[in-house]
Every structure is written in structure tokens, then in C-alpha cells.
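Participant: The numbering of the sequence shown is full-length UniProt numbering, which starts it at 1 and goes up by one.
Where a beta carbon is used, it is the ideal one built from N, C-alpha and C, also for glycine.
This one's a predicted model, so the numbers in the text were calculated from it and none came from an experiment.
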Amino acid sequence: ICCLSLSTNFSNAIREDVYPPLWDSAPENLLDFPVEGNKIVINAWNYQERLGVYKNLLNSSAKYFTAFGSQNFGNILWGLPLQHGWQFHTGRLADPSGVTSCGHEAGALLCISVRSWWACMNYYLAIIPFLGAVEAGLFGELPYEIEILPPEEQRADFCYSVADCRSPASPTMRSSFKLDDALGFMWKGHVASLAYALPRFQDSLKYLSDPEANFGEDWASGVDFIAATHFSTDLQNTKKFQALLPQRMLVEGDVIPFISDFSLQQNKILLSLSALHKTNQLTGGLLLKLWQKAMSTEAGREVGRKLLEDLAASRKFNPMGIYNDLKGGDLTAPTFLTKSNSNTD
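1) Ordered along the chain, which non-local residues of its own chain (more than five positions away) have a Cβ less than 7 Å from that of residue 224?
2) Would residue 56 be called buried (16 or more neighbouring beta carbons within 10 Å of its own) or exposed?
3) With three or more beta-carbon pairs closer than 8 Å as the criterion, would you say the region 23–42 touches the region 115–125?
4) Taking all protein chains shown into account, do 16 or more other C-beta atoms lie within 10 angstroms of the C-beta of residue 264, making it buried, or fewer, making it exposed?
5) If you compare alpha carbons, which of 74, 90, 85 is closest to residue 62?
6) Can you tell me which of the three DSSP states residue 336 falls into?
7) Between the C-alpha atoms of residue 218 and residue 250, what's the straight-line distance to the nearest angstrom?
8) Count the other C-beta atoms from every protein chain shown that fall within 10 angstroms of the C-beta of residue 246, then say buried if there are 16 or more, exposed otherwise.
9) Can you name the start and end residues of the alpha helix (DSSP H) that residue 217 belongs to?
10) So residue 126 and residue 80 are supposed to be a Cβ contact under 8 Å. How far apart are they, rounded?
11) Leaving out the 5 sequence neighbours to the left and right, which residues in its chain are closer than 8 Å to residue 48 when beta-carbon positions are compared?
12) Strictly by DSSP, which residues pair up with residue 40?
13) Among the candidates 135, 104, 201, 234, whose CA atom is the shortest distance from the CA of residue 164?
14) Alpha carbon to alpha carbon, what distance is there between residue 20 and residue 248?
15) Among 41, 227, 267, which one has its Cα closest to the Cα of residue 143?
16) For residue 277, which residues from the same chain have a beta carbon less than 6 Å from its beta carbon, with the 5 sequence-adjacent residues on both sides left out?
17) Flag this pair as yes or no: are the beta carbons of residue 76 and residue 233 separated by less than 8 Å?
18) Give the DSSP-derived three-state secondary structure of residue 108 in the structure shown.
19) DSSP three-state label for residue 29, please.
20) For residue 67, is the classification buried or exposed, using 16 other Cβ atoms within 10 angstroms of its Cβ as the cut-off for buried?
21) What's the C-alpha gap between residue 297 and residue 327?
22) Where residue 266 and residue 238 are concerned, what is the direct C-alpha to C-alpha distance, given to the nearest angstrom?
23) Looking only at its chain, what residues have a beta carbon closer than 6 Å to the beta carbon of residue 274, apart from the 5 residues adjacent to it on each side?
24) Within 10 Å of its beta-carbon, does residue 301 have 16 or more other beta-carbons around it, so buried, or fewer, so exposed?
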């Protein structure tokens with residue numbers, strides 16, 4: 001019995017290390033959500049239920065990724081629930097204003113706060129592809145309609161149905177309406193959702209410390225660059241890169257890259273994201289445009305992914321050097337970043 005208990009605990013520890021927090025208790029099937037008045041009711045402001053939205057997307061799309069490994073680990077949608085789990089684990093979904101106990105251990109831990117900038121940005125990455133998948137028939141013929149519950153505040157800032165999310169005020173549904181197994185299409189929808197959400201929730205940054213707010217904006221800017229490389233967000237890749245992100249919220253007094261309780265790599269990632277964002281701002285957005293043009297070929301994207309790997313490996317990363325190479329190079333040639341790429345060793 002003792003050995004069995006140890007084995008079970010070890011197995012659970014492994015699962016918790018691989019999957020997002022509370023993965024096993026998240027709804028596995030759409031009918032696992034509450035059914036009220038002939039409607040499947042989903043509370044997207046509960047961590048477990050939003051996680052269930054991602055889980056259902058993963059399960060229903062598994063058939064497209066059977067050639068990419070067992071247990072659906074090769075599914076490129078893993079990046080979504082893993083990022084959501086990281087936000088929950090690090091306290092980024094809790095009420096940062098301190099007005100409510102939403103998301104805090106002393107209060108409603110599973111509550112997702114509408115005051116959380118991270119939570120609001122993440123909403124569109126969950127609900128838009130989910131609603132698109134429902135209408136595209138990915139879940140088959142459903143016996144009930146889907147109802148997405150609104151938050152208690154700021155209801156008008158969110159969409160709750162396919163019709164809402166495809167309205168002129170919310171054009172992102174057109175970019176992620178059909179679930180596709182292509183990385184380029186997935187990233188296109190991801191970037192479009194963030195671009196739509198960013199100006200909407202700019203005011204929510206006021207609840208965060210300056211270092212955390214800066215990191216949030218640096219992260220959002222970095223997604224544009226990562227997306228252009230068609231980075232594979234399968235389970236293994238996402239876990240590897242996510243380990244480099246800060247495991248707590250940044251507070252006043254945190255100065256990158258000298259945060260004492262962060263690893264060298266975590267400090268380096270924060271510094272690199274900041275440098276990338278600032279360089280793009282200094283060039284009036286031209287760095288991103290040149291980068292996207294350079295990533296328009298498979299050869300270019302391969303070099304781009306290599307630069308991301310070098311960044312993760314704490315090697316030299318010089319956004320301004322990359323900008324100068326891009327500005328003066330032949331962006332159709334796979335050797336356009338040879339100089340910058342070799343400088344990262």
C-alpha cells in the first residue's frame with residue numbers, strides 16, 4: 001500500500017509538471033459543463049472552465065495531429081492552455097487592484113478577475129477560436145446551444161457568440177474562424193486576437209506595477225515576432241520556452257536583468273523582450289515589418305527560429321543589429337541574417 005501510494009504521488013507530480021494546473025479536473029467534454037435551460041453554460045471567468053475550453057479544443061483537434069507524436073503532445077494548440085496555466089500559477093489572473101479577493105488564495109482562487117490585464121487578453125485567445133470551432137462543426141452535432149457567461153463588470157468589452165465575435169467591432173473571428181492545422185493560420189488568428197484586445201484593455205495596465213505592465217507590453221510585442229517564424233507551440237516546445245518566463249508577477253523595485261530571485265535566463269528573456277519592443281518603437285515599427293517580410297519564406301523562418309533558440313539559450317541577442325541586417329539585406333535570400341545569426345554564438 002505504501003509503495004502504491006508513493007507511485008501514485010509520483011505519477012501525479014509528473015502530470016502536474018507536464019500539464020497546466022488542475023488539468024485533470026477541467027471539463028473534458030462539452031457536456032461536462034453545466035447544462036441549464038437547454039444550453040451548455042460556460043463561465044469563462046473561472047480558471048477551471050476556461051481551461052476546459054482549451055481542453056475541448058485540444059481533444060477535438062487531436063485527429064489532425066496523430067502523425068506528430070503520441071498522447072496529442074504534437075498538437076500546436078498546447079500553447080494556449082499552457083500559457084493560461086502559467087498565468088494562473090503566477091497569480092496573473094487574480095485581481096491586481098486588491099479591491100476583491102478574486103483569484104487570490106485567501107479568496108476565490110479559481111476566479112478570473114476582469115481587472116486582470118492578462119486575463120482579458122487571454123479571453124480572446126480562448127473564446128474566439130472556441131466559438132469558431134463550434135460553428136465549424138469541430139465538436140460535431142451538439143444537442144444544446146453554447147452560452148458564454150459575461151463577467152460582472154465591463155460586459156461590453158467582450159463577445160459571447162459567433163455573431164458578436166464576427167461583428168464589425170470584432171473582426172478577429174475572420175482570422176480564426178476555421179480551425180486549421182497550419183501554424184501560419186493559427187498564429188495569424190493569435191496575433192489578430194491580441195491586436196484587437198490590446199487597445200481595449202490598455203486601461204487595465206494601471207492596476208499593475210510599472211515593471212509588470214512593461215513586461216506585459218513587451219510580451220505582446222514579442223508575440224508578433226515569434227508568430228512570424230511559425231514557432232511550433234506543441235507541448236514540448238511550449239514547456240521549454242515557458243520555463244524561461246517569470247514565475248511570479250514583477251513588483252516595484254524589480255530591475256531587469258538584476259532580479260535576484262529570477263534565473264539568469266529569465267532575466268535575459270525579460271531584457272531581450274524589452275530591447276526588442278524598444279527597438280521596434282525606435283524604428284517606428286519598421287523592424288517588425290522587415291522581420292515579417294524576412295520570415296515570408298521557409299528558409300527565413302528557419303533562421304528566425306534559430307535566433308529564438310539562441311535567445312532562449314542566453315546567447316547574445318542584438319535587435320538593433322538584426323534591424324540593420326534586415327534593412328540592408330536581400331530579404332528573399334536565406335542568408336540575410338547570417339551576420340546576426342553568427343553573432344549569437
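Facilitator: The relevant details are as follows:
1) Translated into positions along the sequence shown, residue 224 becomes position 224. Within the same chain, residue 224 has close Cβ partners 191, 288.
2) Locating residue 56 in the sequence shown gives position 56, counting from the first residue. It is buried - the Cβ of residue 56 has at least 16 other Cβ atoms within 10 Å.
3) Under the Cβ criterion (8 Å, minimum of three pairs), the region 23–42 does not count as touching the region 115–125.
4) As a working mapping, residue 264 is identified with position 264 in the sequence shown. Residue 264 comes out exposed.
5) The residue labelled residue 62 in the question sits at position 62 within the sequence shown. Checking every option, the nearest Cα to that of residue 62 belongs to 74.
6) What you label residue 336 is simply residue 336 of the sequence shown in a count that begins at 1. Interpretation of residue 336 is limited by its pLDDT of 48, a score under 50 that renders its predicted location unreliable; the figure taken from the coordinates is listed afterwards. Here residue 336 carries a coil assignment [DSSP, helix/strand/coil].
7) Stepping through the sequence shown from its first residue, residue 218 is reached at position 218. Stepping through the sequence shown from its first residue, residue 250 is reached at position 250. Roughly 13 Å between the two C-alpha positions.
8) Walking along the sequence shown from the start, residue 246 turns up at place 246. Buried, by the Cβ-count rule.
9) On the sequence shown, position 217 is the one that residue 217 refers to. In the DSSP assignment, residue 217 falls within the unbroken alpha helix (DSSP H) covering 210–228.
10) Counting from one through the sequence shown, the residue named residue 126 turns up at place 126. Counting from one through the sequence shown, the residue named residue 80 turns up at place 80. About 7 Å separates the two Cβ atoms, so the contact holds.
11) By 1-based counting over the sequence shown, the position of residue 48 is 48. Excluding sequence neighbours, residue 48 sits near 22, 25, 26, 27, 110.
12) Here residue 40 refers to the residue found at position 40 when the sequence shown is read from its first residue. Note: residue 40 sits in a beta bridge opposite 35, 146.
13) As a first step, residue 164 is located in the sequence shown; it is residue number 164 there, counting from the start. Here the closest residue by C-alpha is 135.
14) Position 248 of the sequence shown, counting from 1, holds the residue named residue 248. Position 20 of the sequence shown, counting from 1, holds the residue named residue 20. The alpha-carbon atoms of residue 248 and residue 20 are separated by roughly 16 Å.
15) Here residue 143 corresponds to residue number 143 of the sequence shown, with the count starting at 1. Closest by alpha carbon: 41.
16) Taking the first residue of the sequence shown as position 1, residue 277 is located at position 277. Correct list, in chain order: 218, 221.
17) Along the sequence shown, read from residue 1 onward, the residue named residue 76 stands at position 76. Along the sequence shown, read from residue 1 onward, the residue named residue 233 stands at position 233. For the 8 Å CB-CB criterion, residue 76 and residue 233 form a contact.
18) The residue you call residue 108 lines up with position 108 of the sequence shown. Of the three classes helix, strand and coil, the one that applies to residue 108 here is strand, per DSSP.
19) If you number the sequence shown from 1, residue 29 lands on position 29. In the three-state DSSP reduction, residue 29 falls in the coil class, being neither helix nor strand.
20) Mapped onto the sequence shown, residue 67 falls at position 67. By the neighbour-count criterion, in which 16 or more other beta carbons inside 10 Å mark a residue as buried, residue 67 falls on the exposed side.
21) Here residue 297 refers to the residue found at position 297 when the sequence shown is read from its first residue. Here residue 327 refers to the residue found at position 327 when the sequence shown is read from its first residue. Linking residue 297 to residue 327 through their CA atoms gives a straight-line distance of about 17 Å.
22) Within the sequence shown, numbered from 1, the residue matching residue 266 stands at position 266. Within the sequence shown, numbered from 1, the residue matching residue 238 stands at position 238. Spanning the alpha carbons of residue 266 and residue 238 requires a straight line of approximately 15 Å.
23) To locate residue 274, count along the sequence shown from 1; it is residue 274. Around residue 274, the same chain offers 218 as residues with beta carbons nearer than 6 Å, after the five sequence neighbours per side are excluded.
24) On the sequence shown, residue 301 is found 301 positions in, with the first residue counted as 1. The residue in question, residue 301, is buried, as its Cβ has 16 or more Cβ neighbours within 10 Å.
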